[in-house]
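Asks: The numbering used here numbers the first residue of the sequence shown as 289 and each following residue consecutively.
Using N, Cα and C, we set each Cβ at its ideal position, and we do this for glycine too.
Predicted model, so just to flag it, every value in this text is computed and none were measured.
Okay, handing you the structure first.
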Amino acid sequence: MAALASSLIRQKRAVKDDQANRPIANKRKPCPKSNKSLCQKQILVLISKVRLCGGRRGRTEKRPEPQLKGIVTRLYSQHGHYLQMLPDGTMDGTRDENSCFSQFNLIPVGLRIVAIQGAKTGFYLAMNSEGYLYTSDNFNPECKFKESVFENYYVTYSSMLYRQSQSGRSWYIGINRDGQVMKGNRVKKTKAAAHFLPKVIEVAMYKEPSLHELVAEQSPPRKTVKTSDSPSHKNIKHNSVVPLPSTV
């Protein structure tokens with residue numbers, strides 16, 4: 289063992305001596321003299337600055353606009369009608385499941401809060417302070433509806449702004465047996481008129497609707513309840529009151 293140890297020691301010493309006897313190479317190399325004049329150097333610096341500025345401008349990109357995931361759907365009433373929005377802004381129910389006017393964009397604008405927009409017309413469904421349904425070109429606070437699932441797995445849509453002042457009961461979108469939309473304060477959530485089954489067509493991405501302030505000029509004309517005749521549309525902003533039946 290001692291011989292092995294001494295042999296290893298000698299080998300290490302030999303390696304050290306060999307490294308010590310080697311000439312030290314000069315690692316530094318002389319820098320070649322630049323043949324460029326001072327004027328040329330200044331031009332190169334100027335060009336590099338121009339390129340740098342141009343590169344910064346090219347990198348600026350527009351931020352993508354926030355999008356909301358909603359659905360294109362048909363709202364099928366428990367009474368057997370599809371809610372539809374006609375080109376003139378009137379609302380009613382139809383039994384034609386292929387009607388292009390029965391397609392709606394359900395856009396989430398809050399927690400369990402949706403905006404209901406006609407896919408064909410682009411109008412928003414809204415409910416005013418008297419419980420009347422109307423359609424609006426612009427998205428305003430009256431266009432917000434709370435989406436709730438009832439015990440029978442049908443869905444109800446109630447106004448986010450208005451309810452009964454004394455009892456606090458919500459006002460709902462509803463269709464009666466004849467396919468006519470009803471006044472919100474006459475629709476009860478326990479009745480079939482308020483129950484809808486969304487039949488999803490596709491999932492879509494939407495821009496967040498721009499909220500417009502609710503002013504007197506935007507409010508639809510207050511009209512008496514009608515049972516069958518469609519109202520005339522006198523509102524210059526294309527807001528229209530929906531004809532409403534007087535009975536549930």
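Would THR512 be called buried (16 or more neighbouring beta carbons within 10 Å of its own) or exposed?
Replies: Here residue 512 refers to the residue found at position 224 of the sequence shown. Here THR512 scores only 32 on pLDDT, less than 50, and its place in the model should not be relied on; the value that follows carries that caveat. It is exposed - the Cβ of THR512 has fewer than 16 other Cβ atoms within 10 Å.
Asks: Of all the options ARG383, MET493 and LEU413, which has the alpha carbon lying nearest to the alpha carbon of GLU430?
Replies: Residue mapping note: residue 430 aligns to position 142 of the sequence shown, counting from 1. The shortest C-alpha separation from GLU430 is found at LEU413.
Asks: Applying the 10 Å Cβ sphere with the 16-neighbour rule, what's the burial state of ASN386?
Replies: Here the question's residue 386 lines up with position 98 in the sequence shown. Counting Cβ neighbours within 10 Å, ASN386 comes out exposed, since fewer than 16 surround it.
Asks: I want to know whether the region 403–423 touches the region 477–488 - three or more CB-CB distances under 8 Å.
Replies: Verdict: no, contact absent.
Asks: Restricting to Cα atoms, I'd like to know which of GLN372, THR361 and GLU501 is closest to LYS432.
Replies: Looking up residue 432 in the sequence shown gives position 144. The option with the nearest alpha carbon to LYS432 is GLU501.
Asks: Quick check: what's the CA-CA separation for ALA492 versus LEU356?
Replies: Working through the sequence shown from its first residue, we reach residue 492 at position 204. Working through the sequence shown from its first residue, we reach residue 356 at position 68. CA-CA distance, ALA492 to LEU356, rounds to 8 Å.
Asks: Please identify the residue among ILE395, TYR420 and ASN416 whose C-alpha is closest to the C-alpha of SER498.
Replies: Residue numbering aside, residue 498 sits at position 210 when the sequence shown is read from its first letter. Among ILE395, TYR420 and ASN416, the Cα nearest to that of SER498 belongs to ILE395.
Asks: Pick helix, strand or coil for LYS476, following the three-state DSSP scheme.
Replies: On the sequence shown, residue 476 is found 188 positions in, with the first residue counted as 1. In this structure, LYS476 counts as coil in the three-state DSSP scheme.
Asks: In chain order, what residues of the same chain have a beta carbon less than 7 Å from the beta carbon of TYR460, not counting five sequence neighbours either side?
Replies: As a first step, residue 460 must be located in the sequence shown, where it is residue number 172. Correct list, in chain order: THR444, TYR445, SER446, GLY472, VAL475, LYS477 and ALA482.
Asks: Measure the Cβ-Cβ separation of VAL360 and GLU490 and say whether it is below 7 Å.
Replies: On the sequence shown, residue 360 is found 72 positions in, with the first residue counted as 1. On the sequence shown, residue 490 is found 202 positions in, with the first residue counted as 1. Contact: yes.
Asks: Residue range of the beta strand (DSSP E) that SER436 falls in?
Replies: Taking the sequence shown and counting its residues from 1, one reaches residue 436 at position 148. Counting along the chain, the beta strand (DSSP E) containing SER436 begins and ends at 432–437.
Asks: PRO486 by DSSP, collapsed to three states: which one?
Replies: As a first step, residue 486 must be located in the sequence shown, where it is residue number 198. Strand, per DSSP.
Asks: Go through its chain and collect everything with a Cβ distance to PHE389's Cβ below 8 Å, but skip five positions before and after it.
Replies: As a working mapping, residue 389 is identified with position 101 in the sequence shown. Contacts found: GLN372, MET373, LEU374, PRO375, THR382, GLY406, LYS408 and THR409.
Asks: Could you pull the DSSP bridge partners for LYS379 from this structure?
Replies: Taking the sequence shown and counting its residues from 1, the one referred to as residue 379 is at position 91. Position check: residue 379 holds Met in this sequence, whereas Lys was assumed. Note: MET379 sits in a beta bridge opposite MET373.
Asks: To which residues of the same chain is GLY419 closer than 6 Å at the C-beta, ignoring the five residues directly before and after it?
Replies: In the sequence shown, the residue the question calls residue 419 occupies position 131. These residues qualify, in order along the chain: TRP459, LYS471, GLY472 and ASN473.
Asks: Nearest CA to the CA of MET448: which residue from PHE392, PHE438 and ASN428?
Replies: Start at 1 with the first residue of the sequence shown, and residue 448 comes out as number 160. Scanning PHE392, PHE438 and ASN428 for the CA closest to the CA of MET448 turns up ASN428.
Asks: Using a Cβ-Cβ cutoff of less than 6 Å, which residues in the same chain neighbour SER436 once the five nearest sequence positions on both sides are dropped?
Replies: Here residue 436 refers to the residue found at position 148 of the sequence shown. The residues are THR444.
Asks: When you compare each of GLU496, TYR494, LYS495 and PRO486 to GLY368 by their alpha carbons, which one comes out closest?
Replies: Here residue 368 corresponds to residue number 80 of the sequence shown, with the count starting at 1. For GLY368, the nearest C-alpha among the options comes from PRO486.
Asks: Quick one: Cα of VAL397 to Cα of LYS495, how far?
Replies: Within the sequence shown, residue 397 is the residue found at index 109, counting from 1. Within the sequence shown, residue 495 is the residue found at index 207, counting from 1. One C-alpha to the other measures close to 10 Å.
Asks: Taking the C-alpha atoms as reference points, what is the distance between TYR370 and SER455?
Replies: Counting from one through the sequence shown, the residue named residue 370 turns up at place 82. Counting from one through the sequence shown, the residue named residue 455 turns up at place 167. Distance between the alpha carbons of TYR370 and SER455 is about 30 Å.
Asks: The beta strand (DSSP E) that contains ILE401, what's its start and end?
Replies: Looking up residue 401 in the sequence shown gives position 113. Looking at the DSSP string, the run of the beta strand (DSSP E) that includes ILE401 is 401–406.
Asks: Where does PHE411 fall in DSSP's three states?
Replies: Translated into positions along the sequence shown, residue 411 becomes position 123. Reduced to three states, the DSSP call for PHE411 is coil.
Asks: Pick helix, strand or coil for PRO497, following the three-state DSSP scheme.
Replies: As a first step, residue 497 is located in the sequence shown; it is residue number 209 there, counting from the start. PRO497: coil per DSSP, three-state reduction.
Asks: Are the Cβ atoms of PHE484 and SER365 separated by less than 7 Å?
Replies: In the sequence shown, the residue the question calls residue 484 occupies position 196. In the sequence shown, the residue the question calls residue 365 occupies position 77. In this structure, SER365 lies closer than 7 Å to PHE484 by Cβ.
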